[in-house]
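Taken in sequence, the protein lines are chains A and E.
My numbering puts the first residue of the first sequence at -2, with every later residue one more than the last.
My numbering puts the first residue of the second sequence at -2, with every later residue one more than the last.
Number of protein chains: 2
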Amino acid sequence: MRKKAVNSLERLQAVLEVFTEDRLEWTPEELMEELGYSRPTLYRYLKILKDSGFLTSMPNTGFTLGPRVVEMDYLLRKSDNLILSGAPYLQKLTGRYECTALLVRWYGEKILCVDSISSSREAISSYPRGRPMPLSRGAIGRSIVAFLPRRNLVPLINRTLDDWQAAGAGDTVDAVLDGLKSVRKKGYAVAHGEVTPGVVGFAAPIFDAGQSPIASFSVTIAQEHAPGPALEDIGREVLLAAGEITAALASHRHRVSGR
Amino acid sequence: MRKKAVNSLERLQAVLEVFTEDRLEWTPEELMEELGYSRPTLYRYLKILKDSGFLTSMPNTGFTLGPRVVEMDYLLRKSDNLILSGAPYLQKLTGRYECTALLVRWYGEKILCVDSISSSREAISSYPRGRPMPLSRGAIGRSIVAFLPRRNLVPLINRTLDDWQAAGAGDTVDAVLDGLKSVRKKGYAVAHGEVTPGVVGFAAPIFDAGQSPIASFSVTIAQEHAPGPALEDIGREVLLAAGEITAALASHRHRVSGR
DNA sequence: GACGATAATCTCATAATACAAGAAAATGTG
DNA sequence: CACATTTTCTTGTATTATGAGATTATCGTC
């Protein structure tokens, strides 16, 4: 049983939070046990969540996430400036190379792909759209973390040092920081077979108004499709695209504030 | 300003409900006006929703839906039995014909595509995944409605009679009911250019345990790709697929309850 | 179609916490 | 660095969320 949420809004959210990749389906009985709510309270919550479409249930079945989620995802696709601003660049890079191009958001202590296009047949990502990925893995995380201001970066690495060690990014905080230096210098990150063997990943940060990184534009490409000399080119193009997405986001902000 | 929600859970949901296709971005000021909450209350809600990732905001920007939505959509894709059970049939039908195949859920008084595959180049649906569609439009809605028990059906049509009239499905409740008879008889619905000119739609209902329709399996195909004789074939195949999806759902229920 | 078993909802007194107003802090801007 | 704006905190008050137990609805079975 998990930490008690202090107010009813958080308690409601707590219900949704137990629906994870490890456990996609819950019965009321299990939820009572897990969340520690009384029977009437739990059923009240379930009724609200079911009526609003966040959860569904069928006879003899536990509850699962419901159609409201699909609807909200549609709305998000139409409203997320990162997705809207980034789409042309996903097209551009996948047109030029046989690769997968991704827009990845920094989200809590994780990163999350919010949109991707692939021009390669056999590309199956182990972190497809919507599946959170640890910050420490691969070029994408590094491309974001490397550009955090020091005062945020150091505590973050401290909190997640185990992950960085496991990913082979260094055994101490200083070692990890050192590894990020070259990323900051080049402006983008490269990873050779770090997430998937035989696949090279490029990633460059996307910034918000305050110049702090909020997302990453990334290209993954099979080693065989990216001969040595092309690597530099791809890196440059990824960096360029990320810069233009940052600019596009900024111009949207001005459109909004200037209305 | 909209109707006041009675409890805080509904009030929280009310915040999410104002994010619609017509209005994808809101400032706190606008939300206060729209929802009638006091400043601290609204900010408390926004903080909760932002911290949990349901909403995001950037400097100088209003709030929009956030990455939690994307994450939940990923989880839904892995847990929704309709999507899981239906996927092979989307593959099968799009493999056989140059068409778009869809899984559509009945959701409130609307219907909602939750998954689709297309094997046709120029197929752009005006109701893609996640965009709610009126029940009265096209074959899909009819394929569901036609199989509702009379005691649910008649009130439903009464409530939404305007829509049915606008869709040309009949001017009175009886006329609409009459139009549904042939659907019930054949087992599936057909529409010729109803939603999109030049496109034929087929749809057959998917049932839950209690034999009441909950979703629809549908195929849309350009008239030119579906010559007269093939029409019957496609209809039969859609009906067959929907039946097998119904069966697959039932067998999943048994797996669950029998654990 | 009635029965028993399970699941979901209702009632109500109690206690908790959500609320608004104003003040304070934080953030962004010239 | 000071101003203006946005966001969060503090507090007393009143609303409403809660859980125990009873009740009703639903389901599966005979």
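Each residue gets a CB set at the ideal place from its N, CA and C atoms; glycine is no exception.
These figures come from a predicted structure and were not determined experimentally.
Alpha carbon to alpha carbon, how far is residue 239 of chain A from residue 160 of chain A? Give it in angstroms, no decimals. 26 Å
Looking only at C-alpha atoms, which of A:68, A:49, A:8 sits nearest to residue 18 of chain E? A:68
Against chain A, does residue 245 of chain E count as a neighbour if the rule is that its beta carbon must be under 8 Å from one of theirs? no
Looking at the unbroken beta strand (DSSP E) that takes in residue 198 of chain A, where does it start and where does it end? 196 to 204
How about residue 54 of chain E: is its C-beta nearer than 8 Å to some C-beta of chain A? no
Can the beta-carbon of residue 135 of chain E be found less than 8 Å from the beta-carbon of residue 188 of chain E? yes
Candidates E:65, E:30, E:15, E:28, of which the one nearest residue 13 of chain A by Cα: E:65
Classify residue 55 of chain E as helix, strand or coil using the three-state DSSP reduction. coil
Closest by CA to residue 119 of chain A, which one among A:77, A:195, A:71? A:195
List, in chain order, every chain E residue whose beta-carbon is nearer than 8 Å to that of residue 10 of chain A. 45, 49
Terminal residues of the beta strand (DSSP E) in which residue 224 of chain E lies: Element bounds for residue 224 of chain E: n/a, residue is neither H nor E.
Report all residues from its chain with a CB closer than 6 Å to the CB of residue 198 of chain E; omit the five preceding and five following residues, and keep chain order. 135, 136, 188, 217
Should residue 133 of chain A and residue 157 of chain A be called a contact, given that it needs their Cβ atoms to be closer than 8 Å? yes
Would you kindly check if the distance between the Cβ of residue 211 of chain A and the Cβ of residue 242 of chain A is under 8 Å? no
Please compile the residues from chain E whose C-beta is within a distance smaller than 7 Å of the C-beta of residue 104 of chain A. 50, 64
Please decide whether residue 76 of chain A counts as near chain E, where near means a Cβ-Cβ distance under 8 Å. yes
If we call anything under 8 Å between Cβ atoms a contact, is residue 179 of chain A one with residue 101 of chain A? no
Short-range partners of chain E found in the region 125 to 143 of chain A, where Cβ spacing is below 8 Å: 125, 126, 127, 128, 129
Reduced DSSP secondary structure (H/G/I, E/B, other) of residue 15 of chain A: coil
Touching or not, the region 29 to 42 of chain A and the region 67 to 86 of chain E, by the rule of three or more beta carbon pairs under 8 Å? no
Short Cβ contact (8 Å threshold) for residue 200 of chain A with residue 215 of chain A: yes
Residue span of the alpha helix (DSSP H) that contains residue 91 of chain E, given as start and end: 78 to 93
Contact set for residue 230 of chain A: own chain, Cβ-Cβ below 6 Å, skip 5 residues either direction: none
Kindly say whether residue 29 of chain A, judged by its beta-carbon, lies nearer than 8 Å to any beta-carbon of chain E. no
Checking contacts by CB at 8 Å: is residue 109 of chain E closer than that to chain A? yes
Where residue 215 of chain E sits in the DSSP three-state scheme: strand
Mind checking which residues open and close the beta strand (DSSP E) that includes residue 97 of chain E? 97 to 104
So, for residue 249 of chain E: in the same chain, excluding its five sequence neighbours on each side, which residues have a beta-carbon less than 6 Å away from its beta-carbon? 78
Do the CB positions of residue 245 of chain A and residue 140 of chain A come within less than 8 Å of each other? no
Excluding the 5 residues preceding and the 5 following residue 170 of chain A in the sequence, name in chain order all residues of the same chain whose CB lies nearer than 8 Å to its CB. 151, 154, 155, 158
What does residue 112 of chain E pair with, by DSSP beta-bridge criteria? E:100
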